[in-house]
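Trainee: Quick note: the sequence shown, position 103, residue 103 per our numbering, numbers continuous. Have a look at this one before I ask anything.
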Amino acid sequence: GGKIDATASDDGLNAAGGDSGDDTRRSFMQSSGNNELIISGGYIVIDAAGDGLDSDGNLTVTGGNVYVYGPESSNNGALDFDGTGTVTGGAVVALGASGMAQNFDDSSSQGSILASCSTQAAGTVVTLLNANGNELISCTAKKSFSSVVISLPEIQSGQTYTLRIGSSTQNIMMNGLIYGSGFSGFGGFGFSDGGHEQGREGAVLRLSCAADGLYRLCDAGYVCDCAGGNHAGSASADANAKRCQRGTDHY
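Here it is in structure tokens:
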């Protein structure tokens with residue numbers, strides 16, 4: 001039980017060895033092993049300029065309601081752990097930058113979704129709906145963000161969900177309990193917003209630009225290379241595949 005509402009100029013909740021003043025940026029895959037951040041209940045709201053939930057070892061959530069807002073900088077993550085990231089219960093919503101974003105891993109027994117989007121402003125509403133259109137959870141961002149982690153008991157393998165970010169929506173099919181792993185393993189690229197498609201470098205958007213007549217708007221100076229319709233670009237071997245490349249947005 002209990003409530004934590006914390007605003008931090010650096011990390012929100014941090015399980016790290018040594019003095020905080022002697023902290024140095026560690027590599028993403030490094031594990032210190034002995035430290036662990038465990039959340040078993042309560043109502044927790046974190047507004048962090050650095051990492052939201054940070055553990056040099058394992059991060060474990062077994063219950064409670066956890067809302068993380070931040071970071072806005074891509075050299076930090078809403079969730080940051082060096083060991084395992086396990087969720088077995090509770091509700092977690094973490095909105096932050098996409099550069100260092102992490103999702104819970106396959107040590108978890110509860111479903112978790114990690115999706116990316118173009119940078120959204122503070123005040124944007126994020127909502128997860130089930131296949132029947134019923135709202136499972138919703139929150140309003142306290143600061144800008146470009147990645148979303150949602151974990152709920154209702155997220156189950158084999159089910160389809162709709163993630164709504166502002167006016168954009170994305171259907172998510174859970175082929176397992178974990179959707180999107182972070183870094184190159186993001187899910188959710190290709191949000192549809194009235195015919196606008198968003199992506200990132202290397203992401204493939206499988207809609208026929210010749211057939212649907214939509215334009216593709218990719219994140220942060222990336223464009224989708226495709227042929228036909230109102231697109232500039234060259235044809236690929238798969239006429240329905242658009243792979244995002246560096247450049248300027250085109251319509």
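Cβ atoms here follow ideal geometry from the backbone N, Cα and C, with glycine treated the same way.
Comparing alpha-carbon positions, which option in Ile150, Ile46, Ser157, Gly83 lies nearest Asn35?
Mentor: Gly83
Trainee: Are the beta-carbon atoms belonging to Val68 and Cys117 less than 9 Å from one another?
Mentor: no
Trainee: To which residues does DSSP link Asn65 through a beta bridge?
Mentor: Tyr43, Ala91
Trainee: Just to confirm, are Leu129 and Ile155 a CB contact at a threshold of 9 Å?
Mentor: no
Trainee: Below 8 Å, can you find three or more Cβ-Cβ pairs linking the region 54-62 to the region 79-93?
Mentor: yes
Trainee: Please return the same chain residues whose Cβ sits closer than 6 Å to the Cβ of Ala8, not counting the five positions on each side in sequence.
Mentor: Ala48
Trainee: Under DSSP, the beta strand (DSSP E) around Glu253 begins and ends at which residues?
Mentor: Beyond the ends of the chain as shown, which are 1 and 251, falls residue 253; an answer cannot be given.
Trainee: Using a Cβ-Cβ cut-off of 7 Å (strictly less than) and excluding sequence neighbours within five positions of Asp11, which residues of its own chain qualify?
Mentor: Ala48, Gly50, Asp51, Asp54
Trainee: Helix, strand or coil: how does DSSP classify Cys224 here?
Mentor: Low confidence applies here, because Cys224 scores a pLDDT of 46, under 50, leaving its location unreliable and the question unanswered by this model.
Trainee: Ignore the nearest five residues each way along the sequence and tell me which others in Phe104's own chain have a CB closer than 7 Å to its CB.
Mentor: Gly85, Thr86, Val87, Ser112, Ser151, Ile178
Trainee: What is the residue span of the beta strand (DSSP E) that Ala115 lies within?
Mentor: 112-120
Trainee: So, with DSSP's three-state summary, where would you put Ser55?
Mentor: Strand, per DSSP.
Trainee: Between Ser109 and Asn171, what straight-line distance do the alpha-carbon atoms span, to the nearest angstrom?
Mentor: 22 Å
Trainee: Is the beta carbon of Lys3 sitting closer than 9 Å to the one on Glu72?
Mentor: no
Trainee: Spatial neighbours of Ser40 within its chain, please: C-beta separation below 6 Å, excluding the five flanking residues on both sides.
Mentor: Thr62, Gly63
Trainee: Going by DSSP, name the residue or residues bridged to Ile155.
Mentor: DSSP, once it has assigned bridges, lists no residue as partnering Ile155.
Trainee: Just to confirm, are Gly176 and Asp106 a CB contact at a threshold of 9 Å?
Mentor: yes
Trainee: Can the beta-carbon of Ala115 be found less than 9 Å from the beta-carbon of Leu37?
Mentor: Taking 9 Å as the cut-off, the Cβ atoms of Ala115 and Leu37 do not count as close.
Trainee: In this structure, how does DSSP classify Glu36 when only helix, strand and coil are distinguished?
Mentor: strand
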